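Asks: Below you'll find the structure I mean.
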Amino acid sequence: LGPTASAVDELAEALRLRPERLGLMLQDLSEETGRRVLLFVDQLEEVVTLTADDVERDAFLRALATAADDVQTKVRVVVTVRDDFLSRLAETPASRALLQQVLVLRSLAGGALAETITRPLEGLGWSFDDPRLVEQMLAEVKGEQATLPLLQFTLQLLWERRDKTRRRLTRHAYDQLGGVAGALAVHADEVLA
């Protein structure tokens, strides 16, 4: 059992009022357990895309920035962010502090990118009914800025239309979507409807 909803709300309010408390709490955790603490935040760009409140966004970024600002502690903060959001995230002092030590990972290419598509499916006992479909999807996103999000979005739609009996993602469903570009158009149409 995890913390109660009221405990989570209390913690959120405390961090909203004093974001620097996050670092102290993580340091306490490290000392109590005698271990290192890693706080991992995936898709940090969502603090821009999903948070309209500038004050709340700034508090969250300050909490992260101050959580591991002392290299002497055993607390580290790692965030992932899409490169096309870096400039938007660097607009405030808190986020610039958070982004002081940036390690840019280059985009996956070729075989590695194909594996990100096929291996999770194989691990679940699923596959594509047409092995050339992966190559086609990769060709459609080649040169795009947001390769992984485009593929993820398309694959999510394919998964929703999967052949559950044969445990396959099908070319038929992909063709009905109109490929990667068509998947975005289908989604836009569904949202508008």
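Following our numbering, the numbering of the sequence shown begins with 1454 at its first residue and continues without gaps. Glycine included, every Cβ here is placed at the ideal spot set by N, Cα and C. Fair warning: this is a prediction, and the values are worked out from it, not measured in the lab.
Between the segment 1459-1467 and the segment 1492-1506, do three or more beta carbon pairs fall short of 8 Å?
Replies: no
Asks: Would you mind stating whether residue 1526 and residue 1483 have Cβ atoms separated by less than 8 Å?
Replies: yes
Asks: Residues in its own chain within less than 7 Å of residue 1493 by CB, not counting five upstream and five downstream?
Replies: 1531
Asks: Whether or not the segment 1574-1585 and the segment 1620-1637 are in contact is what I'm after, with contact meaning three or more pairs of Cβ atoms, one per stretch, closer than 8 Å; do they touch?
Replies: The segment 1620-1637 vs the segment 1574-1585: in contact.
Asks: In the DSSP assignment, find the unbroken alpha helix (DSSP H) run with residue 1489 in it and report its ends.
Replies: Here residue 1489 belongs to no alpha helix (DSSP H), and DSSP marks it neither H nor E.
Asks: Cα-Cα, which of 1479, 1460 and 1609 is closest to residue 1520?
Replies: 1479
Asks: Count the other C-beta atoms from every protein chain shown that fall within 10 angstroms of the C-beta of residue 1533, then say buried if there are 16 or more, exposed otherwise.
Replies: Taking every protein chain shown into account, the CB of residue 1533 has fewer than 16 other CB atoms within 10 angstroms, so this residue is exposed.
Asks: Determine, using beta carbons only, whether residue 1631 and residue 1638 come nearer to each other than 8 Å.
Replies: yes
Asks: So what's residue 1503 in DSSP terms, helix, strand or just coil?
Replies: Shown here, residue 1503 sits in coil according to DSSP, grouped into three states, outside any helix or strand.
Asks: Cα separation between residue 1440 and residue 1624?
Replies: There is simply no residue 1440 to check, as the chain begins at 1454 and stops at 1646 in what is shown.
Asks: Determine the extent of the alpha helix (DSSP H) in which residue 1461 is found, giving its start and end residues.
Replies: 1458-1470
Asks: With a cut-off of 8 Å on the beta carbons, I'd call residue 1598 and residue 1511 a contact; round off their distance for me.
Replies: Residue 1598 to residue 1511, Cβ: 27 Å. No contact.
Asks: What's the gap between the Cα of residue 1462 and the Cα of residue 1456?
Replies: Distance from the CA atom of residue 1462 to the CA atom of residue 1456, rounded to whole angstroms, is 10 Å.
Asks: Quick one, which of 1633, 1629 and 1522 has its alpha-carbon nearest residue 1588's?
Replies: 1633
Asks: Quick one: is residue 1498 buried, meaning 16 or more other Cβ sit within 10 Å of its Cβ, or exposed?
Replies: buried
Asks: Could you please give the first and the last residue of the uninterrupted alpha helix (DSSP H) stretch that includes residue 1557?
Replies: Counting along the chain, residue 1557 falls outside any alpha helix (DSSP H), and DSSP gives it neither H nor E.
Asks: My understanding is that residue 1542 touches residue 1490, with C-beta atoms under 8 Å, so please give their C-beta distance in whole angstroms.
Replies: Their Cβ separation, rounded to whole angstroms, is 23 Å, which puts residue 1542 and residue 1490 out of contact at 8 Å.
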